[in-house]
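Enquirer: For the sequence shown, position 298 (counting from the first letter as 1) is numbered 298 according to UniProt numbering, and the numbering increases by one without interruption. Think of the CB as a built atom: it goes at the ideal place given N, C-alpha and C, for glycine as much as any other residue. A quick note: this is a predicted structure, and the numbers were derived from the prediction, not measured. The structure's right below; bear with me while I get my questions together.
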Amino acid sequence: MGYRAAYTRWQNDPDAYWLEAAQAIDWDVAPTQALFDRGNNSYEWFADAQVNTCYNAVDRHVNAGNGARTAIIYDSPITGRKSKTSFAELQQQVAGFAGGLAAQGITKGDRVIIYMPMVPEALVAMLACARLGAIHSVVFGGFAAHELAVRIDDCTPKAIIAASCGLEPNRVVKYKPLLDGAIEQAAHKPDFCVVLQREEEVAPLTEGRDLDWFDFQHGTSPADCVPVEGTHPAYILYTSGTTGAPKGVVRPTAGHLVALNWTMKNIYNVDPGDVFWAASDVGWVVGHSYICYAPLIHGNTTVVFEGKPVGTPDAGTFWRVISEHNVRSFFTAPTAFRAIKREDPNGEFRKDYDLSCLRALYLAGERADPDTIEWAQDLLGVPVYDHWWQTETGWTIAGNPAGLEALPVKIGSPTVPMPGYDVHILDEGGRILPAGELGAIAIKLPLPPGTLPTLWQANDRFHKSYLNTFPGYYETGDAGMIDTDGYLYIMARTDDVINVAGHRLSTGGMEEVLAGHPDVAECAVVGVADPLKGQNAVGFVCLTKGVDRPHSEITAECVQRIRDQIGPVAAFKKCVVVDRLPKTRSGKILRATMVKIADGETFKMPATIDDPAILDEIRDALKTIGYAGG
Numbered sequence: 001m002g003y004r005a006a007y008t009r010w011q012n013d014p015d016a017y018w019l020e021a022a023q024a025i026d027w028d029v030a031p032t033q034a035l036f037d038r039g040n041n042s043y044e045w046f047a048d049a050q051v052n053t054c055y056n057a058v059d060r061h062v063n064a065g066n067g068a069r070t071a072i073i074y075d076s077p078i079t080g081r082k083s084k085t086s087f088a089e090l091q092q093q094v095a096g097f098a099g100g101l102a103a104q105g106i107t108k109g110d111r112v113i114i115y116m117p118m119v120p121e122a123l124v125a126m127l128a129c130a131r132l133g134a135i136h137s138v139v140f141g142g143f144a145a146h147e148l149a150v151r152i153d154d155c156t157p158k159a160i161i162a163a164s165c166g167l168e169p170n171r172v173v174k175y176k177p178l179l180d181g182a183i184e185q186a187a188h189k190p191d192f193c194v195v196l197q198r199e200e201e202v203a204p205l206t207e208g209r210d211l212d213w214f215d216f217q218h219g220t221s222p223a224d225c226v227p228v229e230g231t232h233p234a235y236i237l238y239t240s241g242t243t244g245a246p247k248g249v250v251r252p253t254a255g256h257l258v259a260l261n262w263t264m265k266n267i268y269n270v271d272p273g274d275v276f277w278a279a280s281d282v283g284w285v286v287g288h289s290y291i292c293y294a295p296l297i298h299g300n301t302t303v304v305f306e307g308k309p310v311g312t313p314d315a316g317t318f319w320r321v322i323s324e325h326n327v328r329s330f331f332t333a334p335t336a337f338r339a340i341k342r343e344d345p346n347g348e349f350r351k352d353y354d355l356s357c358l359r360a361l362y363l364a365g366e367r368a369d370p371d372t373i374e375w376a377q378d379l380l381g382v383p384v385y386d387h388w389w390q391t392e393t394g395w396t397i398a399g400n401p402a403g404l405e406a407l408p409v410k411i412g413s414p415t416v417p418m419p420g421y422d423v424h425i426l427d428e429g430g431r432i433l434p435a436g437e438l439g440a441i442a443i444k445l446p447l448p449p450g451t452l453p454t455l456w457q458a459n460d461r462f463h464k465s466y467l468n469t470f471p472g473y474y475e476t477g478d479a480g481m482i483d484t485d486g487y488l489y490i491m492a493r494t495d496d497v498i499n500v501a502g503h504r505l506s507t508g509g510m511e512e513v514l515a516g517h518p519d520v521a522e523c524a525v526v527g528v529a530d531p532l533k534g535q536n537a538v539g540f541v542c543l544t545k546g547v548d549r550p551h552s553e554i555t556a557e558c559v560q561r562i563r564d565q566i567g568p569v570a571a572f573k574k575c576v577v578v579d580r581l582p583k584t585r586s587g588k589i590l591r592a593t594m595v596k597i598a599d600g601e602t603f604k605m606p607a608t609i610d611d612p613a614i615l616d617e618i619r620d621a622l623k624t625i626g627y628a629g630g
């Protein structure tokens with residue numbers, strides 16, 4: 001069945017469509033109905049079902065005779081360690097660890113925070129919680145103590161599972177002092193902590209509270225899978241942005257299973273047994289959906305990679321992993337490819353590896369600018385599929401359904417909405433805009449299976465954040481347009497659509513133009529306050545390695561490119577070269593923080609920022625182009 005036929009079939013009978021997809025899951029009690037309308041724009045999926053996520057991700061593959069198949073490949077260029085874990089071995093590890101948790105009193109519905117680096121044990125911890133029906137909340141390893149404390153107080157975990165440290169290319173990040181500081185700050189105290197001791201840092205354990213990862217399992221019995229209701233939360237994942245209290249996105253168990261399993265073949269075009277690699281971190285939604293759960297549920301081999309796209313040891317590390325582990329589909333963020341392109345603009349490292357195993361590259365997390373996509377296509381010789389989704393949805397809103405039908409790629413577009421998503425472009429009054437017009441991207445309710453039904457203990461905030469602006473719709477917070485072929489274009493966050501003298505302009509469109517400059521490796525455009533025009537666009541560009549031309553020449557060319565390709569209406573006159581852009585650890589550029597610096601406003605240090613020192617560099621750069629607020 002092609003894409004159009006599948007999408008039409010879903011539109012005509014959503015219940016039948018998702019009940020058929022649900023047949024791929026092993027149920028304790030199978031669902032008899034897909035969607036349950038609870039009123040007041042609240043919906044539930046497969047609410048009458050009973051199921052266990054861990055059983056579907058691990059045990060059923062063993063029971064089907066595939067226990068010898070590799071479940072997890074661990075590759076750490078930082079330490080040089082590599083390992084493979086079969087589904088049978090994973091079942092033993094998860095059941096044993098879950099048994100240890102159960103002996104300490106963890107039961108269905110208890111919350112457990114997981115504070116781990118990119119090691120296989122992180123997946124073991126997640127799956128062990130799912131095995132017991134406990135609700136895990138993974139917090140990115142190395143998060144500051146205060147931010148961890150906020151999450152402890154919000155989800156009130158009975159236990160915290162942590163590692164002694166995480167590893168960066170040139171340093172060891174000690175987790176235990178951060179964990180101890182967070183527990184000290186938090187009003188809620190966990191009953192116990194489990195600590196995985198790593199060779200690089202053996203942490204002192206707090207007597208009476210902390211348990212060693214291996215020791216605490218001794219003498220306990222392996223745990224069986226506990227069936228839970230279809231609506232039972234599988235996990236809570238916090239998404240915070242730059243200000244305010246973090247929002248705990250809730251992921252319901254049954255919809256999560258059905259949707260993720262559907263995506264592996266229909267979007268990522270892999271079959272059971274194929275190797276799938278998402279180069280992300282378990283602390284982010286990509287790590288939840290596409291390092292841990294979706295590949296294992298579908299019977300794929302997943303890659304746990306502890307490294308960086310450059311510097312571990314070089315800009316060829318991605319190509320080595322793909323070649324060495326026979327990766328079929330590869331998923332990463334555009335920022336990773338921009339980093340590789342900046343270090344190795346001619347793709348010299350690519351020549352050292354046989355990448356004939358790779359079928360496609362998938363990009364998500366930031367807008368994939370056309371220049372990066374074209375560079376990746378030329379380098380890899382495979383289709384490059386941009387696709388768009390959010391922490392809140394857990395899987396693709398718009399993408400290229402290569403397993404259903406590989407649609408023509410339009411560079412700059414993540415292609416088309418997936419079955420389950422009725423996407424519209426709305427004006428500020430909530431009216432549907434015609435093709436080609438820029439507006440707010442909204443999804444008509446109900447959202448499909450696997451998406452958030454609410455926020456953890458904050459249903460009013462859920463409605464205020466996502467549902468109230470456009471009644472009957474989920475507000476994505478992104479701005480864009482749909483063309484006459486139904487292709488969606490994500491131009492910017494809604495906040496990044498700037499108003500220059502009454503003209504609504506997309507900063508993303510300007511970034512595309514700047515990224516096309518031959519000397520520009522990466523860029524960002526933000527709107528800063530102007531008393532006359534409302535806002536002015538300011539560009540920040542990072543240069544490709546080896547460029548030694550005067551910066552004034554390059555910025556003048558950038559200004560001219562905007563004038564030539566977007567027009568004088570953009571009033572783009574300010575552009576500055578910087579060595580790097582402020583980003584989250586997942587690679588998102590912190591544009592809102594850059595705006596506050598330019599406007600001289602106070603701001604909260606983003607919890608997810610990779611390196612706070614970059615903000616001082618941005619402030620200094622702004623001063624050179626006349627922004628006193630900088």
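Three-state secondary structure (DSSP) at threonine 242?
Expert: Unreliable placement is indicated for threonine 242, whose pLDDT of 39 sits below 50; the coordinate value is still reported in the next sentence. Correct three-state label for threonine 242: coil.
Enquirer: Quick one: Cα of glutamate 89 to Cα of threonine 301, how far?
Expert: Looking at the two C-alpha atoms, the distance is approximately 13 Å.
Enquirer: How far does the alpha helix (DSSP H) with cysteine 542 in it reach, from first residue to last?
Expert: Careful: cysteine 542 lies outside any alpha helix (DSSP H), inside the beta strand (DSSP E) at 534 to 543.
Enquirer: Using the Cβ count rule (16 or more neighbours within 10 Å means buried), how would you classify glycine 241?
Expert: The predicted model places glycine 241 with a pLDDT of 47, which falls under 50 and marks its position as unreliable; any figure quoted below should be read in that light. The residue is buried, with at least 16 neighbouring Cβ atoms inside 10 Å.
Enquirer: Mind checking who glutamine 50 pairs with in its DSSP beta bridge?
Expert: For glutamine 50, which the question treats as bridged, DSSP gives the partners Val29, Glu229.
Enquirer: Could you spell out where the beta strand (DSSP E) holding aspartate 191 opens and where it closes?
Expert: That residue, aspartate 191, is in no beta strand (DSSP E); it is neither H nor E in DSSP.
Enquirer: Valine 578 by DSSP, collapsed to three states: which one?
Expert: Looking at valine 578 - three-state DSSP - the assignment turns out to be coil, as it is neither helix nor strand.
Enquirer: Hey, could you find the ends of the alpha helix (DSSP H) serine 329 is sitting in?
Expert: Where serine 329 is concerned, there is no enclosing alpha helix (DSSP H), although the beta strand (DSSP E) it sits in stretches over 327 to 332.
Enquirer: Could you check the C-alpha separation between glutamate 20 and aspartate 191 for me, to the nearest Å?
Expert: So the two alpha carbons sit approximately 42 Å from each other.
Enquirer: Bridge partners for isoleucine 554 per DSSP, in chain order?
Expert: Answer by DSSP bridge pairing: none, since isoleucine 554 is not bridged.
Enquirer: Hey, how far is the Cα of serine 164 from the Cα of proline 370?
Expert: Taking the straight line joining both Cα atoms gives about 41 Å.
Enquirer: Does the count of Cβ pairs from the region 139 to 155 and the region 329 to 345 closer than 8 Å reach three?
Expert: No: the two stretches stay apart, fewer than three of their Cβ pairs being nearer than 8 Å.
Enquirer: Nearest-angstrom Cα distance between proline 345 and cysteine 54?
Expert: Roughly 43 Å between the two C-alpha positions.
Enquirer: Quick check on the DSSP output: the alpha helix (DSSP H) that includes glycine 248 runs from which residue to which?
Expert: Counting along the chain, glycine 248 falls outside any alpha helix (DSSP H), though it belongs to the beta strand (DSSP E) covering 247 to 252.
Enquirer: Would you call asparagine 400 buried or exposed, if buried means 16 or more other Cβ atoms sit within 10 Å of its Cβ?
Expert: Buried is the call here.
Enquirer: Take the Cβ of threonine 243 as the centre, count every other Cβ of all protein chains shown within 10 Å, and call the residue buried at 16 or more, exposed below.
Expert: Low confidence applies here, because threonine 243 scores a pLDDT of 44, under 50, leaving its location unreliable; read the following figure in that light. Exposed, because fewer than 16 other Cβ atoms sit within 10 Å of the Cβ of threonine 243.
Enquirer: Could you tell me if residue 631 is buried or exposed, where buried requires 16 or more neighbouring beta carbons within 10 angstroms of its beta carbon?
Expert: Within the shown structure, residues of the chain are numbered from 1 to 630, placing residue 631 beyond reach of any answer.
Enquirer: Out of curiosity, what's the CA-to-CA distance linking serine 323 and phenylalanine 36?
Expert: Between serine 323 and phenylalanine 36, the C-alpha separation is close to 45 Å.
Enquirer: Rounded to whole angstroms, how far is the Cβ of isoleucine 183 from the Cβ of isoleucine 113, which I believe are closer than 8 Å?
Expert: The pair is not a contact, with the Cβ atoms about 10 Å apart (cut-off 8 Å).
Enquirer: Kindly indicate which residue of Thr253, Trp213, Leu237, Tyr235 has the alpha-carbon position closest to the one of valine 228.
Expert: It is Thr253 whose Cα lies nearest to the Cα of valine 228.
Enquirer: The alpha helix (DSSP H) with isoleucine 373 in it runs from where to where?
Expert: Where isoleucine 373 is concerned, the enclosing alpha helix (DSSP H) stretches over 370 to 380.
Enquirer: Is the region 249 to 265 close to the region 3 to 22, with three or more CB pairs under 8 Å?
Expert: They touch, by the three-pair rule.
Enquirer: Going by other Cβ atoms of all chains shown within 10 Å of its Cβ, with 16 needed for buried, is proline 568 buried or exposed?
Expert: Proline 568 is exposed by the Cβ-count criterion.
Enquirer: Using CA coordinates, which residue listed in Lys82, Ala34, Asn66 is at the minimum distance from valine 303?
Expert: Answer by Cα proximity: Lys82.
Enquirer: Determine the direct distance from the alpha carbon of glycine 450 to that of valine 384, and round the result to whole angstroms.
Expert: Taking the straight line from one Cα to the other gives about 25 Å.
Enquirer: For my contact list, lysine 158 and isoleucine 106 are in at a C-beta cut-off of 8 Å; report their separation, rounded to the angstrom.
Expert: With a Cβ gap of about 6 Å, lysine 158 and isoleucine 106 count as contacting.
Enquirer: Tell me the rounded alpha-carbon separation between glycine 630 and proline 612.
Expert: Any reading at glycine 630 is ruled out, since the residue's pLDDT is 46, under 50, leaving its predicted position unreliable.
Enquirer: For alanine 187, count neighbouring C-beta atoms within 10 Å of its own C-beta (all shown protein chains included) and say buried if the count is 16 or more, exposed if not.
Expert: Exposed, because fewer than 16 other Cβ atoms sit within 10 Å of the Cβ of alanine 187.
Enquirer: If you drop the 5 nearest sequence neighbours on each side, which residues of the same chain put their C-beta closer than 7 Å to that of alanine 57?
Expert: Contacts found: Leu127, Tyr293, Leu296, Ile297.
Enquirer: Contact defined as beta carbons within less than 8 Å: I believe alanine 524 pairs with methionine 605. What is the distance between those atoms, to the nearest angstrom?
Expert: With a Cβ gap of about 18 Å, alanine 524 and methionine 605 do not count as contacting.
Enquirer: Can you give me the Cβ contacts of threonine 263 inside the same chain, cut-off strictly under 7 Å, excluding the 5 residues immediately before and after it?
Expert: Ala294, Trp395, Thr396.
Enquirer: Take the Cβ of tryptophan 10 as the centre, count every other Cβ of all protein chains shown within 10 Å, and call the residue buried at 16 or more, exposed below.
Expert: The residue is buried, with at least 16 neighbouring Cβ atoms inside 10 Å.
Enquirer: Whole angstroms are fine: how far does the CA of lysine 341 sit from the CA of arginine 493?
Expert: Computed Cα separation, rounded: 25 Å.
Enquirer: For my contact list, valine 173 and glycine 166 are in at a C-beta cut-off of 8 Å; report their separation, rounded to the angstrom.
Expert: About 4 Å separates the two Cβ atoms, so the contact holds.
Enquirer: Does DSSP put leucine 19 in a helix, a strand or coil?
Expert: Leucine 19 falls in the helix class under three-state DSSP.
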